[in-house]
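Presented below is the structure to which this report refers.
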Amino acid sequence: MEEVMFDCVAIQKSERSKLMKTQCLDQAKVLKECDDDVAKKDIIHKQLCAIKDQTAYNIQTYFEQLHVLVTEEKVIAARVLCEQLLAFENLIPENKWLWVETFKLIKKLLSSVDYKGVREVMKICREKASKCFTKDLRSDEIIQINALVDVLKYIFDRDACLLPAYFIITEIQKPDTVEMHWKVNHLISNYINEFTNVAQMLSIIFLPNLLPVVEHGDYVVNSWRLDPITLKLNLKGALPYNQQLTQPQTKLLRFILEQPYSRDFVCSLLNLQKNQRGTNIQLEENLIWLILSAMERSEGVNSTYEETIPSYWLHLSSQVIYFVLFQFATFPNIINSLYNALSVKKMSRGRNQLMWVLLQFISGSIQRNPIQNFLPVLDLFDLLYVEKEPLPIPDVTNPSCAQLMAPTCIWIHITRKAKLDHYIITRSLPLALKAQYDFLQQLANSTSLLSTNDFTITLLCNAYSTNQEYFSRPMAALIDTILGIKSNNTSNHNCLSMQMLDSLTVHSKMSLIHSIVTHLIAQSKSPTPNIISPGLIETYSRLLVYTEIESLGIKGFLGQLLPAVFKSHAWGVLHTLLEMFSYRINFHIPAHYKVQLLSHLNALVTIKHSVQLHLCIESTSLRIITGLASYEMLSQISRYYIADSKPSGSIVSTDSEELNRTLILTLARSIQNTSSNHDKSSLSWCKDFVNHIMQVTPHSWNPYTLQCFPSQIRDLLNQTNVSSETNTNLKKMVDDQYRTWISLTNEAEAISSGGSSTLFFCVVFKMLFETDNINPYAIKTIEKIGTRNIANNLRNLSDYIISEIKRCVFRPKDNNESQVCFYIIQSLLLKPTFRTRLQDFLSINSPEYWKQNNLENLLQFHQKYPEKFLPDEVSTPIYFGNVCLRLLPVLDLIIHRFIEFSTNQPIKALENILDTFGCLYKFHERPITYLYNTLYYYEQKLRDFPGLKRKLISCIALEICTNKFAISDMYRKYLQFSEINDNMFSKDTSYYSEIVKKVLDAIEDKNTQTSIDWRFNEFPNYPTFSLYTTCMEILCLPQAPAITTHNIMDIISKRYGNIPPGKIHTWINAIGLIIAHLPESYFMTVFERTRELLNSKKMKDWKYKQSPFVMFDFKTVYNSMLDKEFVNHLAVVHAVIQHFNIGQISVLIEYINKVLKPLIKTEYQMIYVCHIICPFLSRLEAEVPRAPMDITLILYEVLEQIDTSKNENSLVYLDPICDLLYHLKYMYIGDMLKTEIETIIKKLSPRLRMRLRFITRLNVVNENICIQTKF
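Residue numbers 67 to 1337, in our numbering, belong to the letters of the sequence shown in order.
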């Protein structure tokens, strides 16, 4: 019945099918006969136009034929056909069946399209989804959107692997992406979520909350660098990073801006170049915030706040001047923003400090800029000075009068500028300032003598520094004061106080320093040398500490004053200036200035000078070398050996073996203390440097010192070590010269013979030893020996004395030269006469010289203990130095030599020396830094001598660190015990929380010691001071480094419950800072704990219900109350590495490769290691370009280990691992490791080979890996 009933229909359908098939074959024949690709596209387009309005059956038949043409007959490429279909203008949802069949065919063909073509198809599909469908989808469009979504699902399918998933996430994460229908959005959202795991492996835990310490200018800040426009972190790849990481890092910039001496850090952080001037909006806005923050701080202080200029405001004025001067911020914008903010939030308590900051810039720049730039300041007057009665005239004997009068001074500068520019200011003087204005006018017109007993002079200078008619009188009074003209005393001992200088505007200080330099240059050119006023030199040294006048300060000192003195051969002036540099200003001077001066001094040594000047030059050079920080030493020396444009001059002395030895010792310390010995590529210049020294001054090193050197330096010195003359040869030569010299009866011959000898001091010693008398000719001969020859004589004399004492005291067969040296040193240092001089020096002098305004005490000491350098030589006046202070850098070296020998007898001798001379270290320019470097460098040597470490800190640092914020109360108690208690610190875990909190509080600006003037401190700010004193204390603990580090880490891993809620990130940051600034034996304990975690049963045999990405996510673990062991350690590791220098990170890479890599057998272990090292790839790329390649190769080797130890389908987190490897390829290494990686990929299981095939464009078809198309 059915066949009869539907017979006609069946016949009609069959005929229609045959007809359609015939038409399709005809169309296919047309395509086959066409050889031109462009023509084929035209044919397809015409056929699509013809078929678009036909029935679903006809369209389906046509597309089936197209599929055959592509897959079986290869008439047209799959990619070409897909692109042609998608480009068809009538491919719209309204043409329902054309749309549906088109996307069905595209899905079938995608497996034959290359990955670039698939990416284009994906782009077009997303465009179609956004343009063709609205949020409110009609019921008749459901089939169409499902067809499109099916194609996208297939493209997104990880198992299909049509293109790198990394390309997909890059495309769908583009910022111009528009919102689409929920079906497409849901698909894309799920895909983005898959990449959160990769983003997590590349993210540093708590990075937005980690804060650095601000050290000196050469400190590397690559790990903190921000985008200068957006203030965002430079995150690589279009990955779904945590929102905190993608926000502007305002907190970091503000913290750094608040720190003294941070301007170089800020410039490096934002990549600001002085020669590329332009306003940085982010910096400008945060400078405004800094000012408003200071205003808020002023609102909450007591009435004594305005008695002095707080250091915070002094720092703030320096920041504003610097960044506005170099046009990184715009002055009118700052003023307008301040006006808008203060209009909303009324704050007037700090108005005078604000005006003081503005006056600094206005007084120095108003002459060079139009009046319109400064008129907005007058709007602030209307806002802040609204009193109906005149403000009282401040007490001119109080330094705060400078701030109180600042608004009136601004008014005077602006009205004068307006008058000169013929600009009419319509507003009148605020009534509040009238009395102060009249007072200044009265002072300016007065003819009475000005005195520095009050601050009247500073008020006049500040108000009229741009008006020479009134300015010349107070400035002349300041110059007369420091020159002693009023008292008719050319050796004036009075200088301007720091309060007086702080009360001067920058413009006035620049005028003052210019006058001083002009006077000194004139003095140096004078044919009759005059005595330079001590008060003038002391005042000049104090002016040089102001960073805001650097152009006329230290730059003028090195670039103008010293060359003029050199040219005039004014050696007396030079001696005074070098003394000033050594004992007054060698604090926060940028390292390149120090090294520049060292180069000048090395050139000066070749000129014949007096013994006094020669000694001063060598002493200054010694202080410069030993005073260089470790990172400064490496960065500055390398400039002379690897830079394309090398600086002129040389830092290597052509004459002094001792200075060159000190260079090598300082280099060894710098390499060791920065772990640069693990980053061999950065030390390629060392060979040239060491060879240069050994060629100029050949010498040898004792084995004890060599043993402490880093391997690179030790190997180089072993290759170039010069064997010293044997004691027998030296004795024979001295005996021969002695017989020859005493046989000479002619005075001229005797003087000539001895004066040219390098053994004459030995001859004199032998004469004194044998006859207890000295020939009169010998005294005259010593006077004729040149300064350069004196050094050679002294070297030979020291060798000769050692050999003679050894011969008398020890048996010849004993090799005890070092013990003899230590015995002689101890005997010389502990002479009663010298100890008496030392005690007198300590009793009448204070290390806080900047608080003294009269040099009388120091000069009295020189009168009591005059220093004579040669019997008949006229000495240059000495103002700052003496033999006690000159001993300090030598004592630094002596302590190190005693430690290197490290046996009980020398250690006891060293303790005796420390007991005598430890009190002298309060005059050391960097006592804490010296002790920290010593403890760091000799950590292994000192580990067995806890008593010596206790002696070092008690003698060198205890008197300097007088408050509990420097050295903890518990450690002070430990110092009072007669015996060493090893268990005192290992059992009391609260101690470690106390010292970490000390650093934390310093960073958070709690318990700040306002009494410290950072301009005269070895550290630039309180967080840095707190960090280094804490590390110094830790290094002196009487226990193994591993115990200390474990106790510090346990604050987070075991006692995190004691940390206040929401504060754990601050503790982790402080712990990271501390551990990163400790020696390798300490920070390697962190990685040893990492190894223990990787080897733990719960890591290897994963039993958690949660994925490793959940268990390694800090926020999720804490919110969900999960096991915190993994994330706590990971957070600490991240903080430590973030604060690492690049040498320390090189240690980590080496450790991962040699120790951790062989242990990794599971994907959980690998994912944990990726969480540790991968977040720091961008930094490594900038500092060690080879490092990302090394890490990538390690990860591939680890993946191979895991793959070979597991079944093919056992890898659960295959996709995140592969996504990470694609990220490494496209963001860091490209094809640089193509051969090595391809070799490894070929050994992997089919699933891995399939996913990684795009890494090296591996042809997986030839390896029998088939793509299973899903329909």
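The beta carbon of each residue, even a glycine, is placed where N, CA and C say it ideally should be.
The alpha helix (DSSP H) that contains residue i, what's its start and end?
i	result
Ser409	397–410
Cys115	103–117
Tyr1037	1035–1042
Lys23	No statement about residue 23 is possible, as the shown extent of the chain runs from 67 to 1337 and does not include it.
Ile1238	1229–1239
Trp767	Here Trp767 belongs to no alpha helix (DSSP H), and DSSP marks it neither H nor E.
Gly430	417–431
Phe827	826–837
Asp1269	1253–1271
Phe169	162–175
Ile1100	1088–1101
Trp637	637–646
Leu618	Careful: Leu618 lies outside any alpha helix (DSSP H) and carries neither H nor E.
Asn259	248–260
Trp1133	1130–1142
So which of the options has the shortest CA-CA distance to residue i?
i	options	result
Pro600	Pro629, Ile545, Leu627, Ile235	Ile545
Asn923	Lys934, Phe935, Leu936, Asp906	Asp906
Glu160	Asp1256, Arg145, Ser205, Gln1172	Ser205
Trp165	Val215, Lys201, Glu186	Val215
Phe418	Pro376, Asn1049, Cys1284, Ala669	A small fix is needed here, since residue 418 is Asn in this sequence, not Phe. For the residues Pro376, Asn1049, Cys1284, Ala669, the minimum Cα distance to Asn418 belongs to Pro376.
Leu700	Ala669, Ile683, Ser750	Ser750
Gly693	Leu420, Tyr998, Pro465	Tyr998
Pro274	Gln315, Leu253, Asp293	Gln315
Leu825	Ala816, Arg861, Tyr843, Asn841	Arg861
So for residue i, helix, strand or coil by DSSP?
i	result
Tyr1185	The sequence shown places Asn at residue 1185, not Tyr. Helix.
Leu610	coil
Asn911	coil
Gln438	helix
Asn855	helix
Leu292	strand
Asn1207	coil
Pro878	A caution first: Pro878 carries a pLDDT of 37, below 50, which makes its placement in the model too unreliable to give a value.
Leu203	coil
Lys124	A small fix is needed here, since residue 124 is Asn in this sequence, not Lys. Correct three-state label for Asn124: helix.
Leu299	strand
Asn17	There is simply no residue 17 to check, as the chain begins at 67 and stops at 1337 in what is shown.
Asn743	helix
Asn841	coil
Asn920	strand
Cys950	helix
His928	helix
Asn1083	coil
Lys1163	helix
Where residue i and residue j are concerned, what is the direct C-alpha to C-alpha distance, given to the nearest angstrom?
i	j	result
Thr982	Phe900	11 Å
Glu237	Met1298	25 Å
Asn346	Leu470	32 Å
Glu373	Arg608	Confidence is the limiting factor: at Glu373 the pLDDT is only 42, short of 50, which leaves the residue's position unreliable and the question unanswerable from this model.
Val886	Ala1032	38 Å
Lys1309	Leu135	37 Å
Ile1257	Leu643	52 Å
Thr127	Leu171	11 Å
Next item on the list: Quick one: which unbroken alpha helix (DSSP H) runs of 4-plus residues sit fully inside the stretch 331–373? Chain order, please.
Entry: For the stretch 331–373, whole alpha helix (DSSP H) runs of length 4 or above, ordered along the chain, are 347–365.
Checklist line | Minimum length 4: unbroken alpha helix (DSSP H) runs contained in the stretch 511–575 | finding: List check, alpha helix (DSSP H) in window: 522–530, 534–549, 564–568.
Checklist line | Inside the stretch 655–706 only - alpha helix (DSSP H) runs reaching at least 4 residues | finding: Counting only runs that start and end inside the stretch 655–706, the alpha helix (DSSP H) elements of at least 4 residues fall at 657–670, 677–693.
Note to self: As an exercise, report each continuous alpha helix (DSSP H) stretch of at least 4 residues that is fully enclosed by the stretch 467–495, in chain order.
What the structure shows: If we require 4 residues or more, the alpha helix (DSSP H) runs fully inside the stretch 467–495 come out as 467–470, 472–486.
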